[in-house]
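Here the structure is laid out as structure tokens; the discussion comes afterwards.
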DNA sequence: CTTTGGAGTTGATCTGAATCAAAGCAAGAC
DNA sequence: GTCTTGCTTTGATTCAGATCAACTCCAAAG
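Protein chains in written order, with our numbering: chain A, 240 to 486; chain B, 240 to 486.
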């Protein structure tokens, strides 16, 4: 990695961007500058953050909760093009209009920076630009992985792939190995899932049911899914596992 | 834009990256440093530049010709995830292995930089990182546009969308308005087109034939396509035209 | 010239996912 | 309690695009 491994050596605790996106190398003075243009916003589940084409005078980092980027065609067909998890970045420096609909799919807290001063800071503090580049490249890789899913995978594989991603994340968060049973909390409704995977909500429901019948997963309420055998799921996902890149 | 509008104030003429990707703000000394780690490579149409997972000790910029990024599943299903046009950037600073198969779809010339020294230059010359960020964000937007195409558009719309992109590019290159008849030279075979659009080559062929029968386009040889009425094509593509973002 | 082979087209058939339609199920409102 | 209401599941049917299979075209090789 260009950047030293992310660390929490700056104690602040409440704002992901200070930890991850921006500040791993900030000194106190620089931090103070960021601090000056920072503010928080929170949204209830389902709320819109901005609509595509609207003025957007801030950039932001997700602190907690999950936000979705979606594109919509005139006739109503929708495609989710990004899922923003804590520490992910929203908004494009140098652009004034939102390029996508941004909505909160769960309760959401974002740490925002007014755009003008943030852009000035990018120029003044080169390591912020580096970190942004690093993050953008990661998003680009994720988007390309998703293109393979959208273009070539079957409904069954799409569902399995998505659950695999959530499961890996879950395992990483709790520092557990992916061996034992993993409990996933779906952050999306069936319809949102369909919009993410390029399917209809009926197909999503059917495929989840099919996997349940086969014992690959168990439903825990409506949003919970437990995966007893992660390898089986990964197998169904059809992912090119050796494609894991070591940075 | 973060960066001042791209200009050719540095006269070199033979290398896109010096014009566009990197050097719009370089002074002579900085240019010399870039020059020292630069070399050219050319590939015939169809040649592989690198395979996914291989060691890749350089980054590069396309000078002329077109390269494709593709992902492949174990069973052979392929999805193209990027089309690199002149001045586009290949390779990720900080990563040693290629993440995708990179192949030349036409005769291709690339301007390469050895990776280690290039990475040092990124740190030393902040505006290079800015320009890379700018380019990566553009690619991310393009990828997300493509996700909508792959997930939600019909075969007919996919073909029309792709031709629209080529036509717009063609019109921009020749500084012509998109009003009159545009002649497009397809840089891909039907099979590559299918891999790009998430279709089979038969469907691609059928849809092109259908558009020809309807008079939306004319075939000129095998690779040439003329579009008498660009608006009609754009209409079929179903693009959200008002989504055009002003930077 | 003929042969060969790669690229493209076209046709017949099949199938996975969409569409249309009807229940089921839980949580909150009243 | 029972009535909404939003989300989800399930079933029947349809259809766009995949698959399988010929066939055409053209350029390069012999």
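Note that CB positions come from ideal geometry on N, CA and C, so glycine has one too.
Can you list the residues of chain B that residue i reaches, using a CB-CB cut of under 8 Å?
i              : result
residue 379(A) : 375, 378, 379 and 382
residue 458(A) : Within chain B, no residue comes near residue 458(A); the closest Cβ sits about 25 Å away, beyond 8 Å.
Should residue i and residue j be called a contact, given that it needs their Cβ atoms to be closer than 8 Å?
i              : j              : result
residue 300(A) : residue 278(A) : no
residue 396(B) : residue 447(B) : no
residue 391(B) : residue 437(A) : yes
residue 432(B) : residue 443(B) : yes
residue 386(B) : residue 320(A) : yes
residue 288(A) : residue 348(A) : no
residue 382(A) : residue 383(B) : yes
residue 429(B) : residue 440(B) : yes
residue 462(A) : residue 412(A) : no
residue 376(A) : residue 339(A) : no
residue 378(A) : residue 283(A) : no
residue 365(B) : residue 365(A) : yes
Please name the residue, chosen from the options, that lies closest to residue i on a Cα-to-Cα basis.
i              : options                           : result
residue 343(B) : 315(B), 365(B) and 303(B)         : 303(B)
residue 472(A) : 459(A), 429(A) and 449(A)         : 449(A)
residue 281(B) : 410(B), 333(B), 306(B) and 419(B) : 306(B)
residue 465(A) : 435(A), 445(A), 407(A) and 478(A) : 407(A)
residue 290(A) : 273(A), 311(A) and 272(A)         : 311(A)
residue 358(B) : 276(B), 441(B), 393(B) and 462(B) : 276(B)
residue 285(B) : 427(B), 460(B) and 453(B)         : 427(B)
residue 453(B) : 462(B), 399(B) and 419(B)         : 399(B)
residue 274(A) : 350(A), 309(A), 326(A) and 333(A) : 350(A)
residue 420(B) : 272(B), 326(B), 332(B) and 467(B) : 467(B)
residue 469(B) : 271(B), 309(B) and 405(B)         : 405(B)
residue 380(B) : 409(A), 363(A), 365(A) and 334(A) : 334(A)
residue 326(B) : 370(B), 445(B), 456(B) and 460(B) : 370(B)
residue 394(A) : 293(A), 445(A) and 456(A)         : 445(A)
Interface residues of chain B around residue i at Cβ under 9 Å?
i              : result
residue 290(A) : The contacting residues do not exist; residue 290(A) stays about 11 Å from chain B at best.
residue 394(A) : Going along chain B, no residue has its Cβ under 9 Å from residue 394(A), so there is no contact; the nearest lies around 12 Å.
residue 304(A) : In chain order: nothing, as chain B lies at least about 21 Å away.
Give me the chain A residues within the contact set of residue i, using Cβ-Cβ distance strictly less than 9 Å, ordered along the chain.
i              : result
residue 477(B) : 312, 313, 314 and 316
residue 463(B) : Simply none; closest approach about 26 Å.
Measure the beta-carbon distance from residue i to residue j and round it to whole angstroms, keeping in mind my assumption that it falls under 8 Å.
i              : j              : result
residue 295(B) : residue 330(B) : 6 Å
residue 297(A) : residue 352(A) : 6 Å
residue 478(A) : residue 318(A) : Wrong, their Cβ atoms sit about 21 Å apart, outside the cutoff.
residue 372(B) : residue 368(A) : 6 Å
residue 272(A) : residue 360(A) : 6 Å
Using a C-beta to C-beta distance shorter than 7 Å, which residues of chain A count as neighbours of residue i?
i              : result
residue 295(B) : The contacting residues do not exist; residue 295(B) stays about 11 Å from chain A at best.
residue 386(B) : 318, 320, 382, 385, 386 and 389
residue 285(B) : What residue 285(B) touches in chain A: nothing, since even the nearest Cβ is about 22 Å away.
What in chain B is Cβ-close to residue i, meaning under 7 Å?
i              : result
residue 365(A) : 365 and 368
residue 331(A) : 376
Identify the contact partners of residue i in chain A, using a Cβ-Cβ distance below 8 Å as the criterion.
i              : result
residue 371(B) : 372
residue 454(B) : Result: empty, since nearest Cβ-Cβ is about 24 Å, beyond 8 Å.
Exercise for review: Any chance you could list the beta strand (DSSP E) runs of at least 3 consecutive residues sitting entirely within the region 266–291 of chain A, in chain order?
Suggested key: Entirely contained in the region 266–291 of chain A, the beta strand (DSSP E) runs reaching 3 residues are, in chain order, 277–282 and 287–289.
**Study point:** Residue ranges of each alpha helix (DSSP H) within the region 381–444 of chain A, 4 or longer
**Key:** Segments of the alpha helix (DSSP H) lying fully in the region 381–444 of chain A: 394–412 and 429–436.
Check your understanding: Hey, which unbroken runs of the beta strand (DSSP E) at 3 residues or more fall wholly within the region 323–391 of chain A?
Key -> As far as the region 323–391 of chain A is concerned, its whole beta strand (DSSP E) runs of at least 3 residues are 340–343 and 347–353.
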